[in-house]
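Structure, as structure tokens:
Number of protein chains: 4
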Amino acid sequence: MRTILLKNVKIPVGGELVEGSILIEDKVIRAVSKKTFEADEVLDGNGLLAVPGGIDVHAHVYDPDNLEHEDWRSGSLAASYGGITTLIDMPLRVFVDKTETALEKIQAARRESYINYGLTGGFLNEQNYNAIEELEKIGVKTFKVFTCRPFQTSDKGLGKIFEKAAEKNVAIIAHAEDEGLLTLLESRYRVRDDIEAYHLSRSPWAEAAAVLKLGYYSLETGARLHIAHLSSKEGVDALAFLKSKNPRVTAETCPHYLFFTREDSKAYGTYLKMAPTLKTSIDREALWNALETGLVEVYASDNAPSPRSLKEKDVWSAWGGIPNLEIMGPFLFTYGVLKGRISLQTFINVFSRNPAKLLGLYPLLGEIFVGSLADIVVLNTREPRHISSKTHHHKVDWTPWEGLSLYGHPYYLMVHGELIIEKGELVGEPGTGVYVGELGKVGMNV
Amino acid sequence: MRTILLKNVKIPVGGELVEGSILIEDKVIRAVSKKTFEADEVLDGNGLLAVPGGIDVHAHVYDPDNLEHEDWRSGSLAASYGGITTLIDMPLRVFVDKTETALEKIQAARRESYINYGLTGGFLNEQNYNAIEELEKIGVKTFKVFTCRPFQTSDKGLGKIFEKAAEKNVAIIAHAEDEGLLTLLESRYRVRDDIEAYHLSRSPWAEAAAVLKLGYYSLETGARLHIAHLSSKEGVDALAFLKSKNPRVTAETCPHYLFFTREDSKAYGTYLKMAPTLKTSIDREALWNALETGLVEVYASDNAPSPRSLKEKDVWSAWGGIPNLEIMGPFLFTYGVLKGRISLQTFINVFSRNPAKLLGLYPLLGEIFVGSLADIVVLNTREPRHISSKTHHHKVDWTPWEGLSLYGHPYYLMVHGELIIEKGELVGEPGTGVYVGELGKVGMNV
Amino acid sequence: MRTILLKNVKIPVGGELVEGSILIEDKVIRAVSKKTFEADEVLDGNGLLAVPGGIDVHAHVYDPDNLEHEDWRSGSLAASYGGITTLIDMPLRVFVDKTETALEKIQAARRESYINYGLTGGFLNEQNYNAIEELEKIGVKTFKVFTCRPFQTSDKGLGKIFEKAAEKNVAIIAHAEDEGLLTLLESRYRVRDDIEAYHLSRSPWAEAAAVLKLGYYSLETGARLHIAHLSSKEGVDALAFLKSKNPRVTAETCPHYLFFTREDSKAYGTYLKMAPTLKTSIDREALWNALETGLVEVYASDNAPSPRSLKEKDVWSAWGGIPNLEIMGPFLFTYGVLKGRISLQTFINVFSRNPAKLLGLYPLLGEIFVGSLADIVVLNTREPRHISSKTHHHKVDWTPWEGLSLYGHPYYLMVHGELIIEKGELVGEPGTGVYVGELGKVGMNV
Amino acid sequence: MRTILLKNVKIPVGGELVEGSILIEDKVIRAVSKKTFEADEVLDGNGLLAVPGGIDVHAHVYDPDNLEHEDWRSGSLAASYGGITTLIDMPLRVFVDKTETALEKIQAARRESYINYGLTGGFLNEQNYNAIEELEKIGVKTFKVFTCRPFQTSDKGLGKIFEKAAEKNVAIIAHAEDEGLLTLLESRYRVRDDIEAYHLSRSPWAEAAAVLKLGYYSLETGARLHIAHLSSKEGVDALAFLKSKNPRVTAETCPHYLFFTREDSKAYGTYLKMAPTLKTSIDREALWNALETGLVEVYASDNAPSPRSLKEKDVWSAWGGIPNLEIMGPFLFTYGVLKGRISLQTFINVFSRNPAKLLGLYPLLGEIFVGSLADIVVLNTREPRHISSKTHHHKVDWTPWEGLSLYGHPYYLMVHGELIIEKGELVGEPGTGVYVGELGKVGMNV
Ligand SMILES: [Zn+2]
Ligand SMILES: [Zn+2]
Ligand SMILES: [Zn+2]
Ligand SMILES: [Zn+2]
Ligand SMILES: [Zn+2]
Ligand SMILES: [Zn+2]
Ligand SMILES: [Zn+2]
Ligand SMILES: [Zn+2]
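Protein chains in written order, with full-length UniProt numbering: chain P, 1 to 446; chain C, 1 to 446; chain Z, 1 to 446; chain U, 1 to 446.
Below, the structure written as structure tokens:
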């Protein structure tokens, strides 16, 4: 079978960096060594850093009713430039609680996705929670719930959802904000029409309250819980408390909470509207710290761009969300590792290893190790790339990241041994990715 | 004006015990001294310990529809034997959300109560939360809410209740158990019909979840929150976390959680049914420890006896609650102070000082100090009293405390200078108590 | 006996503000009422706010070898303008571990102090810990220890000190920084000679480590522990953890940690040198929050001015400390209450009630209540006072607070009924203060 | 090259159990699959559970001066029966702070050890901390320090040790008990001569205090810290707090703390003497819970048997420690997994995965994955094995585990593809193990 040698790279091995090479055969890593090997194809890493490809467990990519926002082709391409090799689609408006809706998404990805892909089911509630049973059979391992509008489930529904999730050993991904507090706050701030009022209308305490509540449903049932898009120091503190009780809870944060604050929203207006809202610099630093201490294990995009027409409305009506896939790895590397906020180990943990564990696929994914799938990204740590909506690969023609200069973008990006990006240039094809629900068929594992 | 001298007692002063005497004039303490004074009447304390009278902020005493359970006469008399000088009635079934219902309770107490008295309003919900405004005018400072059946309020209701409570500076007393988790658990345990199944059907996690949620409503609005009848280590842990955020939260526990465990319920059957339920010895010790560290500031009875006919039903239908007033102080003194679980300072703090603070009446109540109301109990720490339903003063003819031998029962008990118990014998009269909402009229303060 | 009426003031009573008057007779408050009374002298409060006088438990006032820094006359006068009515002297260089040294300080204060006064003994170590026994007899209730240079005690010494403190029911006030970490850091930063390097040489972790260690000595022995001059968020977090275990620990913070950051030190150079060092704005806000939540119960000055000649040295040799007495109450009122960081209740708690409790003198001190000593300050909340070394009453001719404009300075200040400040002007005399160790002789209490 | 197929086993893959087979070639796992493969040798697992071999990071095995206690031959054999495939020797009395002492140990192991082996250096102090630099070169990755006698280092020494450890990226393994508190307690209990007095002479607070202190040295320097033999709930609580700050701290507990309490020591006398001491059932359950929540990541033996003559002395003079290797895996499986205290995932994490991570060798060790070293144990979960000093493989002729009946003992045990135990019988040879410091030479990795 055809072999590829990625030589002259720095490889993270057991807490250290080793200069060496990686031998790939039949989609899988066959050797990681200080030595070199003969191979059919040789890629020179120029001494750059090789890391396992990023895994984004929370990206709104393909919503059948909203394909002008993003789709598998644009999303997986932007993700590739973000150093991501596996992309898990999150429902946006269309419910993914039936096999046929899930299969439609999977089939679209099979044709269009440059990189590996998977799905989160949802939105679960008191009526449709049995979707867990149905979708788990086709490889869906994560399911979304809301504790607030627009897809809030009742507390009785939560009980049933968590019980079923425990039975099927899937993870519940939760949008965690307390609806009662949001209602209270909205009535307080709705009298204003500025973007700051919007950001104040969803408070850190609303987030913390919901995080904790969900944690107890997880404890009572034994179901795994993953907190989506943690945005505040209060959320971090709540999570820390929860984790002293509950071994089955994980959490993610997103690039916008690690960069922007409420203050910034004034300059961007509704283009920086999202939920949960932006908080303060104290929150931002608490989130960086939580990544570094391991409290927040996962870095995810919550990618959710929308056309300008949906953004240019009053603050209470405008669509929320921003395009994030393109900047994922480079942002984390530049503002995290290079600024000394997180270690390189943490970068790999939150961008790749821990998401793989969340999906039950580690170390098949998430590690550069013999036997692992050859999902590898070599980071260009020498020259920055400038981010612009003119050059990014999202469908939308705007980005709040405009003008950022980022290190750590892909020099090579490879999914199961197939090059998508080579020396910074696109060389891959749509349809290269595989469905993570079928990964057992790809490698030697299982 | 007539003066009384209580001489030859040990008095807690500034963290130490002083042997001396207390001079009383016109309902108020006029001197606390190592010296003695001349007085119209002299009471000899025989070297026993004088402490400020107990204040029970959570006792079901007088429910117009259930006067065969308890009433002001029986309740205030039992409370006197429990070392209590102020008794705050908690609604049982009849809502106290109108002035006239409140006044009916107050008028009954004026005729019948041996000791000082007050009311908690409730049960508040999304419809009647304006009762806070109405009842605060007649001196009601505490209001009850439920996060679960049978008087659950919606989350939207919680928001409105807490906003109004903040505006009027009253405290919300909460029955804190998460209804969603209770529903989940009940469906799990309802297949059984033993008393242990009942106790398992309301879990520590349900308590902790509700405590935390309420804490964030308090933070968001600034309203004071008092957690009723904390029953578990998980609840204590949640409270500790909450208090690191929120200065406006207090909590109480009750004698049954400090003595009985789920195991014990097997011997007593539905006579030991109550909500929240009994937990384990680990929970019990955590609660004692929380009293000592000050995490749980208040010791309250949740007195709720009911006739035998209502107890002798299947575990799911039987009435909950037990008679506690009679054993309050003596139990805490014997199983707390004498067993070395809490200090004497803690005894006074949780039984008297802190409840007075909760009511906004400290140091007029809750302290033996010049200017304080002469609500004093001299504890018989030399001879035990045997508890029995044959001799207790509750209306019901049963008690789970049957056979206990307790130290620290009243040798003297005095409300605003009037003796109710003298040398262990009843000498007081019904109607002696005053309404705490009118205390400004009694002393020199305000 | 001569009576004074302070009328037309707002008085904090049981969590609310009452407009009324205070009647004083024989050093003690005789009535607090909405009514007025006849009196020999009537003071009109003009509707201003009356609060119990401040109690500063940590001020370097009178060191026999360093009287050019501060003395009882200058210190007590500056303190009066700071709204303080009781001042506890802390050793500076001369050890206070013998009765005669203590008596010399007391006698000097008796002649010179405008306000009430007391002493902290120290510095205790493995040799002199029996000083607790000796000094407690003359009313010393607080003793200083260091976990670091220049007065570090050994761990074995700590054990003996805490055992003795528990036996005598006195409080250990600790300078809490871990010497091992300080040594490590000093070797890291001593290569630099800028003031920021000095501030970095004593880290938040050094503080947190020592706080926790001391907390376990307190737990093991039962001795009361008071953490001096807490300066960091890490210290606050450590304290929060400790308090979930230990009911006998309290802490103080100081105005400089609530205002200045490491950044500011660049402008002031060694004039802003002190230990513990200044930290960041995150630390500062954590300390404000800790006052509001009650985690840090006490606000103290750590007043420690020194002549310019001792300040104008290289950063490693310059003397540490700043003059704080003059700004104490007004700073806390202006930057705390008026800026909305703390409530008025918190202001009174940390400035007066809680220090009184620490000294075992509450509610004789620390409350406006019948029977309490008439130590009262009426705050001028209408016109600001400008702080300047030209007008302040410290001995030194400099202050880092130069130019601050503060509300809440004394309109009246009264110690046990004697006016020290009247309508903002000094009217009192040196020698008016009484020794808190003899307070039982003053009032009716004890 | 010769291949082995281990077929018909249950294999933990990505959070689930898969029935399948494991193909081994050249010391390394080549396939993990539901399929079977052809192979030179086929082992039938009979449907039993295959897990990665145990890694014991804390065992006193080979002390040159005390070879009558244990040695590599007895220790590695007992460990094999305990399901362990890698054994890290901990210094007992002889310091391992020179290359030659380390090499002596390694050479003895090379001749005598049935299983893989490694070393911890120590005991470090202010003088010899540079041993880190020397020993790291020959593959030593862990170093022992004491905060108490008999090998206590000064605080200044701690600073230097942690700085050096950070520089070399090695882990500090700490015996964490505060010497000052131990001294205090010993003086309190030394008047007694019963074994319970001994166990009381080292308190939970002494442990917690040292854990926290070490944690701040780790934070200040960035060095990795591993807490040895955690024994108490207070220690667990301290660790939980620490981990909210410090990502570089891990901890272990040992079988005796998970089984025995202070009460039990009365029956066994000095045979159950060890340090830290046994605590209570509340501590025991807190430790089980900490394993399950992941707070305590590692399960280690602290194996430290000694001849009867050293045990049969007065409680203060007797040698501490017990033989644990033989029962390691089976005890954890029986009292943890089978009793429902921990999940099977937790069993694998704490016994194998996490120790491998601590040593920087995961997933080369600690996982059943393609590319991992073929260190595998198939657990006999069907028939119990009876533990007795008559049949165990330790040198000593006693064990406190006498009479225990344990499931989960090895049916097969294999180190890098070499069978040591086959169908429960010893088939391996001394000298089979390899030195973990040279593992790069064995597999394909690095
Ligand atoms: Zn969301
Ligand atoms: Zn989303
Ligand atoms: Zn209730
Ligand atoms: Zn009740
Ligand atoms: Zn100091
Ligand atoms: Zn000082
Ligand atoms: Zn040890
Ligand atoms: Zn050991």
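Backbone N, C-alpha and C define an ideal beta-carbon position, used for all residues, glycine too.
Quiz item: How would you list, in chain order, the residues of chain P whose beta-carbon sits under 8 Å from the beta-carbon of E179/C?
Solution: What E179/C touches in chain P: D155.
Exercise. Give a single yes or no on whether D56/Z has its beta carbon closer than 7 Å to a heavy atom of ligand 6.
Key: No - ligand 6 has no heavy atom lying nearer than 7 Å to the Cβ of D56/Z.
Quiz item: Going by alpha carbons, who is nearest to V236/Z out of L225/Z, I368/Z, E285/Z, H199/Z?
Solution: Checked all of L225/Z, I368/Z, E285/Z, H199/Z; the closest Cα to V236/Z is E285/Z.
Practice problem: If I'm right that L185/C touches S201/C with Cβ under 8 Å, what's the distance once you round it to whole angstroms? | Solution: Confirmed, Cβ separation roughly 5 Å.
Quiz item: CB-CB under 7 Å to E422/C, same chain, minus the five flanking residues each way: which ones, in chain order?
Solution: Apart from sequence neighbours up to five positions away, the residues of its chain that approach E422/C with a beta-carbon distance below 7 Å are Y412, ordered along the chain.
Practice problem: Kindly give me the distance between the Cβ atoms of A171/C and L358/C, rounded to whole angstroms, as I take these residues to be in contact under 8 Å. | Solution: Yes, they are in contact, since the Cβ atoms of A171/C and L358/C sit about 6 Å apart, within 8 Å.
Quiz item: Closer than 7 Å: is that where the CB of A240/P sits relative to any heavy atom of ligand 5?
Solution: No, Cβ of A240/P sits at least 7 Å from all heavy atoms of ligand 5.
Quiz item: Would K213/Z count as contacting chain U if we go by Cβ distances under 8 Å?
Solution: For K213/Z, at least one C-beta of chain U is nearer than 8 Å to its own C-beta.
Self-check item: Any alpha helix (DSSP H) of 4 or more consecutive residues that is wholly inside the stretch 140-186 of chain U
Solution: For the stretch 140-186 of chain U, whole alpha helix (DSSP H) runs of length 4 or above, ordered along the chain, are 155-168.
Quiz item: Rounded to a whole number of angstroms, what is the C-alpha to C-alpha distance between R93/U and K164/U?
Solution: Taking the straight line joining both Cα atoms gives about 23 Å.
Quiz prompt | Assigned secondary structure, I195/Z (DSSP; H/G/I helix, E/B strand, else coil) | solution = Looking at I195/Z - three-state DSSP - the assignment turns out to be helix.
Practice problem: Would you mind sorting M90/Z into buried or exposed? The rule is 16 or more other CB atoms within 10 Å of its CB. | Solution: Buried, by the Cβ-count rule.
Quiz prompt | Within-8 Å CB hit, E25/U to chain Z | solution = No, no contact with chain Z.
Quiz item: Given that S309/U touches chain Z, what residues does it touch there, using C-beta distances under 8 Å?
Solution: Residues of chain Z passing the Cβ test: none, with the nearest at roughly 33 Å.
Exercise. Confirm the yes/no value for this check: CB of H229/C, any heavy atom of ligand 3, distance under 7 Å.
Key: For ligand 3, at least one heavy atom lies less than 7 Å from the Cβ of H229/C.
Practice problem: Could you please give me the residues that DSSP links to R30/C through a beta bridge? | Solution: Looking at the DSSP output, R30/C sits in no beta bridge, so it has no partner there.
Exercise. Mind checking who P410/Z pairs with in its DSSP beta bridge?
Key: DSSP output for P410/Z lists L379/Z as bridge partner(s).
Quiz item: By the 10 Å Cβ neighbour count, where 16 or more other Cβ atoms means buried, how is G428/Z classified, buried or exposed?
Solution: A residue is called buried once 16 or more other Cβ atoms fall within 10 Å of its Cβ, and G428/Z is buried on that count.
Quiz prompt | Whole-angstrom distance between T346/C and E297/C, CA atom to CA atom | solution = If I take the Cα positions, the gap works out to 9 Å.
Self-check item: Any beta strand (DSSP E) of 3 or more consecutive residues that is wholly inside the stretch 83-140 of chain Z
Solution: Segments of the beta strand (DSSP E) lying fully in the stretch 83-140 of chain Z: 84-89, 116-121.
Quiz item: Between the C-alpha atoms of K233/P and A206/U, what's the straight-line distance to the nearest angstrom?
Solution: Rounded to whole angstroms, K233/P to A206/U spans 32 Å at the Cα level.
Practice problem: Classify R149/C as buried or exposed, calling it buried when 16 or more other Cβ atoms lie within 10 Å of its own Cβ. | Solution: Within a 10 Å sphere around the beta-carbon of R149/C sit fewer than 16 other beta-carbons, which makes this residue exposed.
Exercise. Taking only beta-carbon positions, decide if L361/P is within less than 8 Å of chain U.
Key: Yes, because at least one Cβ of chain U sits closer than 8 Å to the Cβ of L361/P.
Quiz item: If you draw a straight line from the C-alpha of L379/C to the C-alpha of T120/C, how long is it?
Solution: Taking the straight line from one Cα to the other gives about 28 Å.
Quiz prompt | Cβ-Cβ distance between V28/Z and L373/Z below 8 Å | solution = Going by beta carbons, V28/Z and L373/Z fall inside the 8 Å limit.
Self-check item: Proximal residues of chain U, C-beta to C-beta of W219/Z below 7 Å
Solution: Per the sequence shown, the amino acid found at residue 219/Z is Leu instead of Trp. Under the 7 Å cutoff, chain U gives W205.
Exercise. Flag T85/P as yes if its beta-carbon sits less than 8 Å from any beta-carbon of chain U, otherwise no.
Key: Taking Cβ atoms only, chain U never reaches closer than 8 Å to T85/P, which makes this a no.
Self-check item: Whole-number beta carbon distance between T147/P and D178/P, since they are thought to touch under 8 Å
Solution: Going by Cβ atoms, the distance from D178/P to T147/P rounds to 6 Å, so yes, they are a contact pair.
Self-check item: Three-state secondary structure assigned by DSSP to V446/C
Solution: Because the pLDDT at V446/C is just 38, under 50, the model does not fix this residue reliably, and the value given afterwards should be weighed accordingly. Note: V446/C maps to coil in three-state DSSP.
Exercise. Determine the closest residue to S154/C out of N125/C, F162/C, W319/C, with distance taken between C-alpha atoms.
Key: Checked all of N125/C, F162/C, W319/C; the closest Cα to S154/C is N125/C.
Quiz item: Hey, would you say P363/C sits closer than 8 Å to S113/C, going by beta carbons?
Solution: No, these two residues do not count as a Cβ contact at 8 Å.
Quiz item: Using DSSP with H/G/I as helix, E/B as strand and the rest coil, what is E252/P?
Solution: DSSP places E252/P in strand when its eight states are reduced to three.
Quiz prompt | Contacting positions in the stretch 240-259 of chain C - beta carbon closer than 8 Å to chain Z | solution = A240, K243, S244, K245, N246, P247: these are the residues of the stretch 240-259 of chain C whose beta carbon lies less than 8 Å from some beta carbon of chain Z, given in chain order.
Quiz prompt | Top-ranked residue by Cα proximity to F351/Z, from S301/Z, G340/Z, W316/Z | solution = Nearest option by C-alpha distance: S301/Z.
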